[in-house]
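Reminder that position 70 of the sequence shown reads as 72 in this note's numbering, one-by-one numbering, no gaps.
Every residue, glycine too, gets a C-beta built ideally from N, C-alpha and C.
This one's a predicted model, so the numbers in the text were calculated from it and none came from an experiment.
Shown next, in C-alpha cells, is the structure this report addresses.
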Amino acid sequence: MNEIIVPAKIEYLNDVMSFVKECLNGYDTDHVEFALELGVEELFTNIVNYAYPETTGQVVVQGGIEQAPLRCRFSFIDQGIPFNPLEREMPDTNLPIEERPIGGLGIFLVRKLFDEVYYEYKDNCNVLTVVKRL
Numbered sequence: 003m004n005e006i007i008v009p010a011k012i013e014y015l016n017d018v019m020s021f022v023k024e025c026l027n028g029y030d031t032d033h034v035e036f037a038l039e040l041g042v043e044e045l046f047t048n049i050v051n052y053a054y055p056e057t058t059g060q061v062v063v064q065g066g067i068e069q070a071p072l073r074c075r076f077s078f079i080d081q082g083i084p085f086n087p088l089e090r091e092m093p094d095t096n097l098p099i100e101e102r103p104i105g106g107l108g109i110f111l112v113r114k115l116f117d118e119v120y121y122e123y124k125d126n127c128n129v130l131t132v133v134k135r136l
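Rendered as C-alpha cells:
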C-alpha cells in the first residue's frame with residue numbers, strides 16, 4: 003500500500019486527489035474514475051470539516067490496487083473525534099426535499115459509490131476503508 007500524510011485542511015485536497023491517481027496509474031479505471039474522485043473528495047472533506055473541531059490534525063490516506071479480484075482500496079485515517087459514519091441512520095431519500103434534514107447524504111453517497119465500506123476505531127484512530135472493483 004502507498005501512503006500520503008497531509009494536514010486536515012481543504013487546501014490539501016488536490017494532493018490527496020493526485021495521490022489517488024498515482025495509485026491507479028497503469029490500470030484501466032476510466033469507468034470508475036468519477037465515482038472514485040467524488041467519493042475520495044467527500045471522505046477527505048468530511049475529515050477536514052468534522053474530525054478536528056478545536057484543533058488541526060493530519061489525515062493519512064493509504065491506497066493501492068489489489069489483484070484477484072482486481073480492485074482498489076483506500077483507507078482514510080485520522081486521530082480526530084471517534085466517529086463511525088456507518089452507524090448513522092440512512093436518510094430517507096423518498097421524503098420531499100423540504101422535509102429532509104440537512105446533512106447526512108455524504109456517507110449515503112459514499113456507500114453508493116463504493117462496493118465495500120468499512121470503519122474501525124484502532125489505536126486511537128478513525129479508519130474508514132473503501133473498496134471499488136475495477
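Which residue from the options puts its Cα closest to that of residue i?
{"i": "LYS114", "options": "ASP17, ASN126, VAL132", "result": "VAL132"}
{"i": "CYS190", "options": "VAL119, GLN64, ILE49, ASN48", "result": "In this structure the chain extends from 3 to 136, so residue 190 is not present and cannot be described."}
{"i": "GLY28", "options": "ILE7, TYR120, LEU72, ASN16", "result": "LEU72"}
{"i": "GLU89", "options": "TYR121, LEU15, ILE49, TYR14", "result": "TYR121"}
{"i": "GLY108", "options": "ILE12, GLU13, ASN48", "result": "ASN48"}
Just to confirm, is the Cβ distance from residue i to residue j under 8 angstroms?
{"i": "ASP125", "j": "ALA10", "result": "no"}
{"i": "LEU38", "j": "VAL22", "result": "yes"}
{"i": "LEU111", "j": "GLU35", "result": "no"}
{"i": "MET3", "j": "GLY66", "result": "yes"}
{"i": "VAL18", "j": "VAL42", "result": "yes"}
So, is residue i buried or exposed, given that buried needs 16 or more other C-beta atoms within 10 angstroms?
{"i": "LEU40", "result": "exposed"}
{"i": "SER20", "result": "exposed"}
{"i": "ASN16", "result": "exposed"}
So, with DSSP's three-state summary, where would you put residue i?
{"i": "LYS112", "result": "The question names Lys, but residue 112 is Val in the sequence shown. Three-state DSSP puts VAL112 in a helix."}
{"i": "ILE7", "result": "strand"}
{"i": "TYR123", "result": "strand"}
{"i": "THR47", "result": "helix"}
{"i": "GLY66", "result": "strand"}
{"i": "LEU130", "result": "strand"}
{"i": "PHE85", "result": "coil"}
{"i": "VAL22", "result": "helix"}
query: Do three or more CB pairs link the segment 52 to 62 to the segment 83 to 90 at distances below 8 angstroms?
result: With a cut-off of 8 angstroms on Cβ pairs, the segment 52 to 62 is in contact with the segment 83 to 90, counting three or more such pairs.
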